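Count along the sequence shown from 1, add 4, and you get the number used in my numbering.
Note that the Cβ used here is the ideal one computed from N, Cα and C, for glycine as well.
Keep in mind the model is a prediction, meaning the values are calculated, not measured.
Below is one structure, written out as structure tokens; the observations come after it.
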Amino acid sequence: MKKLVIILVSIIITVVIAVLAFVYYTKSHSPFEKVKYGDDLKVEYCRPSKKGRVIFGELVPYGKVWRTGANEATVFTTKKDILFGGKDLKSGRYSLWTIPEENKWTVIINSQTDLWGVNMDNVANMDPKYEVLRIETDVIRPEMEFEIFTITLDSVKGGVEMVLVWDRTMISIPIEIK
Numbered sequence: 005m006k007k008l009v010i011i012l013v014s015i016i017i018t019v020v021i022a023v024l025a026f027v028y029y030t031k032s033h034s035p036f037e038k039v040k041y042g043d044d045l046k047v048e049y050c051r052p053s054k055k056g057r058v059i060f061g062e063l064v065p066y067g068k069v070w071r072t073g074a075n076e077a078t079v080f081t082t083k084k085d086i087l088f089g090g091k092d093l094k095s096g097r098y099s100l101w102t103i104p105e106e107n108k109w110t111v112i113i114n115s116q117t118d119l120w121g122v123n124m125d126n127v128a129n130m131d132p133k134y135e136v137l138r139i140e141t142d143v144i145r146p147e148m149e150f151e152i153f154t155i156t157l158d159s160v161k162g163g164v165e166m167v168l169v170w171d172r173t174m175i176s177i178p179i180e181i182k
């Protein structure tokens, strides 16, 4: 009986160490970032790098749901009710997903959080039945190339602008805090 307990404890310790090593390894390639707009808005995501790759249309395929970053699903939190891209969004914690296209993107807010971004088949781990809203936004082509995927929350006249940029692709979502 004592041997069985020792074996089980050893297995549990090994699994915990392996999981922690995996998380550390993945975060070392795509570091975690948190951006805030005062106390009202927060985005938590991991920042992959371009590393000479073709990003949109290849690494991130057009027309398919993307976890919008790396590792875990990106999390968007609002402490107040807002207009997100012109649509009502109640205060809460959500996951943020996108469907990139060459000239427009669909941005999706989903009520499920604390998800790994992709499943074992490398397909976005978003369950559509938890979708809260979706908006479309046009792609902007910045002159400079952005090596690291970046999300910002910037003050603009009338509210806040959430900007997502990577490579030579940028989108902007207007946010109005109620």
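Subject >> Coarse secondary structure for K7, derived from DSSP in three states >> reply: helix
Subject >> Identity of the residues DSSP links to P2 by a beta bridge >> reply: This structure cannot settle anything about residue 2, because the visible part of the chain is limited to 5 through 182.
Original post:
In three-state DSSP terms, what is P104?
Top reply: strand
**OP:** For M174, collect the residues of the same chain with a Cβ closer than 6 Å to its Cβ; drop the 5 residues on either side in sequence, then sort them by chain order.
**Re:** I144, P146
Original post:
Are E180 and L87 close, meaning C-beta to C-beta below 9 Å?
Top reply: yes
Original post:
What whole-angstrom Cβ distance do T141 and V167 have, given they're in contact under 8 Å?
Top reply: So it is not a contact: roughly 11 Å between Cβ atoms.
**OP:** Have a look at K31 and W70 and give me their C-alpha separation to the nearest angstrom.
**Re:** A caution first: K31 carries a pLDDT of 49, below 50, which makes its placement in the model unreliable, though a value can still be read off. Their Cα atoms are separated by approximately 18 Å.
**OP:** Flag this pair as touching only if the segment 93 to 101 and the segment 54 to 67 have three or more C-beta atom pairs under 8 Å; answer yes or no.
**Re:** no
**OP:** Output the distance between the C-alpha atoms of E76 and K7, rounded to the nearest integer angstrom.
**Re:** 37 Å
Subject >> Contact belief for C50 with F60 at Cβ below 8 Å, rounded distance in angstroms >> reply: Contact flag wrong, Cβ pair sits at about 18 Å.
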